[in-house]
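Residue numbers (this note's numbering): 490 to 829. Just so it is clear, CB atoms sit at the ideal spot from N, CA and C, and this is done for glycine as well. Data block below; observations after.
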């Protein structure tokens, strides 16, 4: 399958694009996808040649091994560039949530991934620095609170690795800075990739302006601009292309909004994640909208999948319950382009 795909790309002169949706901490599923798609057949190094890999964000939260996925993608990005390929990782809403400290969906394993032999001492030092103010705050609402009870509660809420996790993900931290470099939108030929979707408000801006606005918001340190990162009409959160907006009566109909967004961005197709399609990759509105969040993570139980694009051919690849991979042509793929 992969040799045929690579040869088709070479014959057409088009760069092969592999797009992957939300992974949510499932490293095993990611490795299966990397191997099946040919971008990393050994699960370690880039083997995709001149292919382009686009991952649509939401690597983190809900699963324990997001850090391993990030490290692998970071390594592949460097190796791909040397081979004439490219790796693009988009900004997802969950990456933004980690930067601004919204930790509701962080898996305990994601904290554990940051644990070192210094973690116990680090947590003790932080407690000692904060103990007095924390006890005072607790007694303001509960006069019966004691230093021991406050300490016990704080320790329970501060698992080992959490402090290191926050340092890494905070604006200016290693992963916070990495996140600020992730584009919210990426255009390849006549295809636009976004984590969530494109509202009419977002499509009134240029791709460069949108990406710059998100980068600036993520890089502001203690003054992170949550109005940008929490914007439900922005490309990392918007679901209106898929499910319709809550205030639909006041907004364009989804088909009209999508058509206007595509025209405004100078593209013919929009590829999104964010809103799960557990039955598999879905092509809607004659292939103008392609949804590739198939609930890959064990947290959702959907099929592992990836989208393959070579010129005017678009293929959905999904792993079945029997563990075997299958592919199917999506709307817009010429029947003459079908491969055995």
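CB of residue i within 8 Å of CB of residue j, strictly
{"i": "residue 584", "j": "residue 548", "result": "yes"}
{"i": "residue 723", "j": "residue 698", "result": "no"}
{"i": "residue 578", "j": "residue 671", "result": "yes"}
{"i": "residue 532", "j": "residue 525", "result": "no"}
Where residue i sits in the DSSP three-state scheme
{"i": "residue 779", "result": "strand"}
{"i": "residue 658", "result": "helix"}
{"i": "residue 453", "result": "Nothing in the structure corresponds to residue 453, since the chain is present only between 490 and 829."}
{"i": "residue 836", "result": "Absent from the model: residue 836. The displayed extent of the chain is 490 to 829, so no value can be given."}
{"i": "residue 766", "result": "coil"}
{"i": "residue 751", "result": "helix"}
{"i": "residue 810", "result": "coil"}
{"i": "residue 500", "result": "Note that residue 500 scores 49 on pLDDT, short of 50, meaning its location in the model is unreliable; the coordinates nonetheless yield the value given after this. DSSP places residue 500 in helix when its eight states are reduced to three."}
{"i": "residue 739", "result": "helix"}
{"i": "residue 523", "result": "helix"}
{"i": "residue 666", "result": "helix"}
{"i": "residue 726", "result": "coil"}
{"i": "residue 862", "result": "Given that the chain is displayed from residue 490 to residue 829, the structure contains no residue 862 and the question cannot be resolved."}
{"i": "residue 593", "result": "coil"}
Start-to-end residues for the alpha helix (DSSP H) that takes in residue i
{"i": "residue 557", "result": "555–572"}
Supposed contact pair residue j and residue i - C-beta distance, whole angstroms, cut 8 Å
{"i": "residue 796", "j": "residue 785", "result": "Wrong, their Cβ atoms sit about 12 Å apart, outside the cutoff."}
{"i": "residue 554", "j": "residue 514", "result": "5 Å"}
{"i": "residue 729", "j": "residue 743", "result": "6 Å"}
{"i": "residue 608", "j": "residue 650", "result": "6 Å"}
Endpoints, beta strand (DSSP E) assigned at residue i
{"i": "residue 541", "result": "541–544"}
{"i": "residue 794", "result": "794–799"}
{"i": "residue 606", "result": "Residue 606 -> no beta strand (DSSP E), and no H or E assigned at all."}
{"i": "residue 683", "result": "680–683"}
{"i": "residue 759", "result": "758–761"}
{"i": "residue 508", "result": "506–509"}
{"i": "residue 772", "result": "771–773"}
{"i": "residue 674", "result": "674–677"}
- Task: Check whether the region 692–710 touches the region 646–666, counting contact only when three or more Cβ pairs, one atom from each stretch, lie closer than 8 Å.
- Result: With the cut-off at 8 Å, the region 692–710 and the region 646–666 touch.
- Message: So, does the region 540–547 touch the region 568–576, judging by three or more C-beta pairs under 8 Å?
- Response: Output reads yes: the region 568–576 touches the region 540–547.
- Query: Given 8 Å as the limit, is there contact between the region 627–640 and the region 673–683, that is, 3 or more CB pairs closer than that?
  - Reply: no
- Message: For the structure I just gave you, are there three or more beta carbon pairs, one from the region 769–779 and one from the region 791–811, closer than 8 Å?
- Response: Yes, the region 769–779 touches the region 791–811.
- Item | Three CB pairs or more closer than 8 Å across the region 588–604 and the region 625–634 | no
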